[in-house]
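Take a look at the structure set out below.
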RNA sequence: GUGGGCGUAGCUCAAUUGGUCAGAGCACCUGGUUGUGGCCCAGGAGGCUGGGGGUUCAAGUCCCCUCGCUCACCCCA
């Protein structure tokens, strides 16, 4: 290489090269297909938002807000670290709640968090995000999880669903106090991280990975045993809904959420195939958030986000490779007259809807045939000098190697007829 | 922010205790078939071994620094 490339992509930012994009499109296509069957509509929001939107929804003291956001120097504008807050802002700002009492929305796009990259975690990453705004019915919770399960099933990847309830502003503080008491009496047996968490984020002690901590946590008080009447009923009904739809799940009383706005139902689709990153999708209910952001009073909501990069990794290791795309025709011109005749013909066929490839580098026929093969062409049209004198070319079927003479100068009908078969 | 591992051709990786060690496979190009793809055969191009400094008669190999990648912790999709 003559030119030394000094400029590289930023740490944690990645190109999605053509070989990978098929996988991304497959995910995208599957998502749209599934979400539309559940009557979800797509919405797209800007990537930049007011910093305050995230500070208020995600939580001022969360790591995301405190140290992971890409915020511009004036401190008022931030590249979104997640989609829910933006979507709620759009829902409120556009008065969507007034147009339809319950909105079912999904979006897909890049999110940004300034973290140290590792497997399945980038600084620019992509999420598929679905939200149901305006319903507090537990059947919605279960339906959303069922939709996630169906999505992963149709992708052909193996994940399992875990469920928990975090309680609500009414019952969580009580549980929190009980938990802190429990932790405090065993502080000496916990790791240094957990000693710190005891003050900053006691719930996080529950999912510490250190064996010694896990030992202590085993007998820790469970949220599920300290739910208020409303949360208890809701939680039970969510499970009934899942059972009604035959969705497999397991309860995980240690499952915690990182974002402040969650309440009641929380769930994750997890895998053991992504190293430290077990969550492929995660979400939950956030009943007070819409109102807090200036939306209508008493408007509940629930949603979850799927990490697209993580799904891509799973597809790459769990599923056989997708067939590469096929093109209809490759035109191999021999000599300038053949190449020019093919040049014209290619455009004509493309206008009629066919995918056509050809080479403009004056390569040998053998080389062009190789390219046709590599491009996965159904047919190759060879336009040589001797046939061209009669206005003919040789159309070759790349699978069975049959070849026939066809008109190339007067009309493309014969070629089109072949392609239509 | 903290800790571990690794940087050799476009990709995946070799190179005995420092001593022809700059290699292989895949991919690419050309030819075998003056005009016919996949298989095969022959040949070709492609590297200041991430960068800098040091030790040595001799460094891809050892030491230091630096940059980058990666995995993990924290945190999280």
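Numbering (our numbering), first residue to last: 256 to 676.
Glycine included, C-beta positions come from ideal geometry on N, C-alpha and C.
Note that the coordinates shown come from a computational prediction; the quantities given were computed from them, not determined experimentally.
Residue 623 - DSSP class collapsed to helix/strand/coil: Taking the first chain and counting its residues from 1, one reaches residue 623 at position 368. In the structure shown, residue 623 sits in a helix (DSSP, three-state: H, G or I).
For residue 482, three-class secondary structure by DSSP: Counting from one through the first chain, the residue named residue 482 turns up at place 227. Looking at residue 482 - three-state DSSP - the assignment turns out to be coil, as it is neither helix nor strand.
Sequence-distant residues of its chain with Cβ nearer than 6 Å to residue 669 (five each side left out): Here residue 669 refers to the residue found at position 414 of the first chain. Closer than 6 Å at Cβ, skipping near neighbours: 661, 662.
C-beta atoms of residue 375 and residue 529 nearer than 8 Å: Your numbering for residue 375 matches position 120 in the first chain. Your numbering for residue 529 matches position 274 in the first chain. Yes, Cβ-Cβ distance for residue 375 and residue 529 is below 8 Å.
Buried or exposed by the 16-neighbour rule on C-beta atoms within 10 Å, applied to residue 676: The residue you call residue 676 lines up with position 421 of the first chain. The residue in question, residue 676, is exposed, as its Cβ has fewer than 16 Cβ neighbours within 10 Å.
Burial state of residue 266 (16 or more Cβ within 10 Å): The residue given as residue 266 occupies position 11 in the first chain. Its Cβ having fewer than 16 others within 10 Å, residue 266 is exposed.
Cα-Cα separation, residue 421 to residue 463: Locating residue 421 in the first chain gives position 166, counting from the first residue. Locating residue 463 in the first chain gives position 208, counting from the first residue. In this structure, the alpha-carbon of residue 421 lies about 17 Å from that of residue 463.
Per-residue burial, residue 282 [other beta carbons within 10 Å of its own, 16 or more giving buried]: In the first chain, counting from the first residue as 1, residue 282 sits at position 27. So residue 282 counts as buried.
Closest by C-alpha distance to residue 515, when choosing among 301, 264, 271, 317: Within the first chain, residue 515 is the residue found at index 260, counting from 1. When each option's Cα is compared against that of residue 515, the closest is 317.
Assigned secondary structure, residue 493 (DSSP; H/G/I helix, E/B strand, else coil): For the purposes of this step, residue 493 is taken as residue 238 along the first chain, with counting starting at 1. Here residue 493 sits in helix by DSSP.
Distance between residue 600 and residue 652 (C-alpha atoms, nearest Å): Here residue 652 refers to the residue found at position 397 of the first chain. Here residue 600 refers to the residue found at position 345 of the first chain. Between residue 652 and residue 600, the C-alpha separation is close to 18 Å.
C-beta contact flag for residue 380 and residue 285 at 8 Å: Counted from its first residue, the first chain places residue 380 at position 125. Counted from its first residue, the first chain places residue 285 at position 30. Cβ atoms of residue 380 and residue 285: not closer than 8 Å.
Cutoff 6 Å; reference residue 424; Cβ partners in own chain excluding five residues on either side: The residue you call residue 424 lines up with position 169 of the first chain. Excluding residues within five positions, none has a Cβ falling inside 6 Å.
Where residue 519 falls, given that 16 or more other Cβ within 10 Å makes a residue buried: Residue mapping note: residue 519 aligns to position 264 of the first chain, counting from 1. Answer is buried; the Cβ neighbour count reaches 16.
Residue 326 and residue 319 closer than 8 Å at C-beta: In the first chain, counting from the first residue as 1, residue 326 sits at position 71. In the first chain, counting from the first residue as 1, residue 319 sits at position 64. No.
Neighbourhood of residue 344 by C-beta, 8 Å cutoff - its chain only, sequence neighbours within 5 removed: As a first step, residue 344 must be located in the first chain, where it is residue number 89. Spatial neighbours of residue 344 in its own chain (CB-CB distance under 8 Å, excluding positions within 5 residues in sequence) are listed in chain order as 300, 304, 308, 548.
Continuous beta strand (DSSP E) stretch holding residue 419: start and end: In the first chain, residue 419 corresponds to position 164, counting from 1. Start and end: 415-420.
Residues that residue 505 bridges to, as DSSP identifies them: Position 250 of the first chain, counted from the first residue, corresponds to residue 505. Under the DSSP definition of a beta bridge, residue 505 partners with 417.
Whether residue 538 touches residue 545 by CB criterion (8 Å): Here residue 538 refers to the residue found at position 283 when the first chain is read from its first residue. Here residue 545 refers to the residue found at position 290 when the first chain is read from its first residue. Contact flag unset, no.
Cβ contact check for the stretch 643-659 and the stretch 560-569: 3 or more pairs under 8 Å: no
Close-in-space but distant-in-sequence residues of the same chain around residue 457 (CB under 8 Å, 5 per side omitted): Taking the first chain and counting its residues from 1, the one referred to as residue 457 is at position 202. Same-chain partners within the cutoff: 431, 434, 435, 438.
Under the three-state DSSP convention, the category residue 563 falls into: Within the first chain, the letter at position 308 stands for residue 563. When DSSP states are grouped into helix, strand and coil, residue 563 belongs to the helix group.
Cα-Cα separation between residue 503 and residue 460, rounded to whole angstroms: Numbered from 1 along the first chain, position 248 holds the residue referred to as residue 503. Numbered from 1 along the first chain, position 205 holds the residue referred to as residue 460. Using only the alpha carbons, I get a separation of about 27 Å.
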